[in-house]
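Enquirer: Mind having a look at this structure? Questions to follow.
Number of protein chains: 2
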Amino acid sequence: MSGKLGILAGGGELPRRLIKLCQDTGRDFFVVAFKGQTDNETVMDVEHLWSRLGAAGDIISRLKKEQVTDLIMIGPVKRPSMAELRPDWRALQFFAKIGAKSLGDDGLLKSVVSALETEGFNLLGIDDILHDLLATKEIYGKFSPDAQAQTDIKRGVEVARLMGLADVGQSVVVQQGLVLGIEAIEGTDALIDRCAGLRRDAAGGVLVKLKKPQQERRADLPTIGIETVKRAVKSGLRGIAIEAGGALVVDRDAVVQLANESGLFLIGIEPADYD
Amino acid sequence: MSGKLGILAGGGELPRRLIKLCQDTGRDFFVVAFKGQTDNETVMDVEHLWSRLGAAGDIISRLKKEQVTDLIMIGPVKRPSMAELRPDWRALQFFAKIGAKSLGDDGLLKSVVSALETEGFNLLGIDDILHDLLATKEIYGKFSPDAQAQTDIKRGVEVARLMGLADVGQSVVVQQGLVLGIEAIEGTDALIDRCAGLRRDAAGGVLVKLKKPQQERRADLPTIGIETVKRAVKSGLRGIAIEAGGALVVDRDAVVQLANESGLFLIGIEPADYD
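Those protein sequence lines, which keep their order, are chains A and H. Numbering of the first sequence is given in the working numbering, commencing with residue 245 and proceeding in unit increments. Numbering of the second sequence is given in the working numbering, commencing with residue 245 and proceeding in unit increments.
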């Protein structure tokens, strides 16, 4: 049996899924919940600490007191401004070391991972524990992209990669060669929703969701689930392309069933195939 | 006096401003209005043709019949899908020649410009006629960006440039190093509006608006005016940075007055200064 697992819980239901797995398998764990990020129900019946994101000193000393050995970051975390973050002394030292340049999503998360490793924790990725979540290169369900959809995926891959270089966004919606929307900080759900009003009168668009080229696998992977498919259908999209090995599919069976019922394709792609 | 001017009129009030100038200076002109793009009031009292965007054959033969020698594209044109475009035979030949690859905004517009030049027309840029619209490198009004705002402009320039390479978007909103939003097809107004709900609890963000690196000056330049400033203020932004020589400021005096009254800075920048 592995050591005690510290769960740094972001929003959504992924943290609860992991907690459930720990309970089912009898693995010891301790949850750090973040104000304004983690759902209340995630920590209702488990040992936990509520903390500000900026309270690095408190968090680290509590994790050590709880004799946590392994750490995992799971669930999306909304990026706060420095003012909201209110970093404590320990966090300030950390920011001073990494510099303001690292405030891009990925730079920051990479630095957090390496700082926690320096403190002696063993950092795990979600897919180290929830093995079957990671997207593979395949067509999920019974619908496939046609030639126009493949062209749209190619365009989406091109744009998403450039966005990745700038360390922003992972998601792009393309319809008939037109880039309808690009994700920044608003999140994929909001991106999909606004594309409902931007779509052209033609076969629907495609959501392309990649991990950033330099993304730290253990910090944050793009995730899709039932909610993503529901919104995509509502916004008139006809497909979703995610990066094989670089995105998580939560509730695979339910996702595939809904996609099939809705006439939506879901495909795991290797971006390099679209060069 | 120059030859007869053909005005390919997009949306908004810029085409009307140009028509007014032609009337005031006694220059002959003929307006092509596009369904779903041009405002009705733009062509109410002037000689014009209503056309689909895709009816290239009709447009070119009418322009020749009207003995138009110079052409100008003015005012934003929403990109249609191929299905909406319904290209005629002449337009299809055109698309066959340039290939589907050119459906990025700028690629398409460049090809349109060169096709019209092949037909013997002299293509003008807005700033060839409306000289004082082009943004210059200066601080407009009485407010200047502080150090944080300059850092945000730098980040915005970096992201906008990468977007330009992908031939999408020209506008980015950055607050405290966070990229709140990136413009795709929705337009700058919609980008600004949605950033109201994304802003962090701290000093407001900055709208950075550049022309794309390879942008055809005569096809479409980013434009700001009173409406842009109003929306920026409403969304809690504290400044706007536009590219000197690469953006238009419509109604300069009114824009500066509103910015001053609202505590907003407006600055014309050379992107290279932020490398």
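Note that beta-carbon positions come from the ideal geometry of N, C-alpha and C, so glycine has one too.
Rounded to a whole number of angstroms, what is the C-alpha to C-alpha distance between S346/A and V357/H?
Expert: With a pLDDT of 45 at S346/A, under the threshold of 50, the predicted position of this residue should be treated as unreliable, though the coordinate-derived value follows. Approximately 42 Å between the Cα atoms of the pair.
Enquirer: Where does the unbroken alpha helix (DSSP H) through S305/A begin, and where does it stop?
Expert: A300 to K309
Enquirer: Near F365/A, what residues of its chain come up, given a Cβ to Cβ distance below 8 Å and the 5 sequence neighbours on each side ignored?
Expert: G250, L307, V312, T313, D314 and L315
Enquirer: With distances taken between CB atoms, is the gap from G413/A to E427/A smaller than 8 Å?
Expert: The criterion of a C-beta distance shorter than 8 Å is satisfied by G413/A and E427/A.
Enquirer: Return the residues of the segment 366-393 of chain H that lie within a Cβ-Cβ distance of less than 8 Å from chain A, sorted by chain order.
Expert: none
Enquirer: For K345/A, which of helix, strand or coil comes out of DSSP?
Expert: At K345/A the pLDDT is 47, less than 50, meaning the model places this residue with poor confidence; the figure from the coordinates comes in the next sentence. Here K345/A sits in helix by DSSP.
Enquirer: Is Q467/H helix, strand or coil by DSSP?
Expert: Checking the sequence, you will find Thr at residue 467/H rather than Gln. Here T467/H sits in strand by DSSP.
Enquirer: Take I373/A and list the residues in its own chain whose beta-carbon comes closer than 6 Å to its own, dropping the five residues that flank it on each side.
Expert: none
Enquirer: A379/H and G512/H: beta carbons closer than 8 Å?
Expert: At the C-beta level, A379/H and G512/H come within 8 Å of one another.
Enquirer: Using the Cα positions of A344/A and T395/H, report the straight-line distance between them to the nearest angstrom.
Expert: Bear in mind that the predicted position of A344/A carries a pLDDT of just 49, short of 50, making it too unreliable to give a figure here.
Enquirer: Going along chain H, which residues have a C-beta under 9 Å from R438/A?
Expert: E430, A434 and R438
Enquirer: Taking L454/H as the query, report the chain A residues whose CB atoms sit under 7 Å from its CB, ordered along the chain.
Expert: Residues of chain A passing the Cβ test: none, with the nearest at roughly 13 Å.
Enquirer: For R399/H versus V423/H, is the C-beta spacing smaller than 8 Å?
Expert: yes
Enquirer: For L510/H and L481/H, which I take to be in contact (beta-carbon distance under 8 Å), what is that distance rounded to the nearest angstrom?
Expert: Not quite, the Cβ-Cβ distance comes to about 11 Å (not below 8 Å), so this is no contact.
Enquirer: Can you find a C-beta in chain A that's less than 8 Å from the C-beta of E402/H?
Expert: yes
Enquirer: Could you give the C-beta distance for K456/A and D411/A, rounded to a whole number, given that I count them as a contact under 8 Å?
Expert: 7 Å
Enquirer: Given a cut-off of 8 Å on the beta-carbon distance, is the pair I303/A and L258/A in contact?
Expert: no
Enquirer: Are there 16 or more other CB atoms within 10 angstroms of the CB of P453/H, so buried, or fewer, so exposed?
Expert: According to the sequence displayed, residue 453/H carries Lys and not Pro. Classification of K453/H: buried, given that the 10 Å Cβ count is 16 or more.
Enquirer: Under DSSP, the beta strand (DSSP E) around I316/A begins and ends at which residues?
Expert: D314 to I318
Enquirer: Which residues does DSSP pair with S295/A in a beta bridge?
Expert: Answer is F278/A.
Enquirer: Could you check which residue in D517/A, A491/A, A488/A and A393/A has the C-alpha nearest to that of L508/A?
Expert: If we check each option's Cα against that of L508/A, A393/A comes out closest.
Enquirer: To the nearest angstrom, how far is it from the Cα of V290/H to the Cα of V473/H?
Expert: 31 Å
Enquirer: Just mark E285/H as buried or exposed, buried being the case when its beta carbon has 16 or more other beta carbons within 10 Å.
Expert: exposed
Enquirer: Secondary structure at E514/A, three-state DSSP: helix, strand or coil?
Expert: coil
Enquirer: Using the Cβ count rule (16 or more neighbours within 10 Å means buried), how would you classify R260/A?
Expert: buried
Enquirer: Measure the C-alpha to C-alpha separation of G441/H and I468/H and round it to an integer number of angstroms.
Expert: 22 Å
Enquirer: How is L508/A classed by DSSP in three states: helix, strand or coil?
Expert: Reduced to three states, the DSSP call for L508/A is coil.
Enquirer: Identify, in the order they occur along the chain, each residue of the same chain with its Cβ nearer than 7 Å to the Cβ of L367/H, setting aside the five sequence neighbours on each side.
Expert: L315, V357, L360, E361 and R462
Enquirer: Starting from the beta carbon of L442/A, find every residue of chain H whose beta carbon is closer than 7 Å, and list them in chain order.
Expert: I429 and E430
Enquirer: Hey, out of Q420/H, A434/H and L465/H, whose CA is closest to D445/H's CA?
Expert: Cα-wise, what sits closest to D445/H is Q420/H.
Enquirer: Is it buried or exposed for I383/H, if we count other Cβ within 10 angstroms and need 16 for buried?
Expert: exposed
Enquirer: Pop quiz: A498/A and I470/A are said to be a contact at Cβ under 8 Å. What is the actual Cβ separation, rounded to whole angstroms?
Expert: 5 Å
Enquirer: 8 Å is my cut-off, CB to CB: does A335/A come that close to chain H?
Expert: no
Enquirer: Measure the CB-CB distance between E514/H and A485/H and report whether it falls below 8 Å.
Expert: no
Enquirer: Is the Cβ of V412/H closer than 8 Å to any Cβ of chain A?
Expert: yes
Enquirer: What residue from A300/A, C266/A and R296/A has the CA that sits closest to I370/A's CA?
Expert: C266/A
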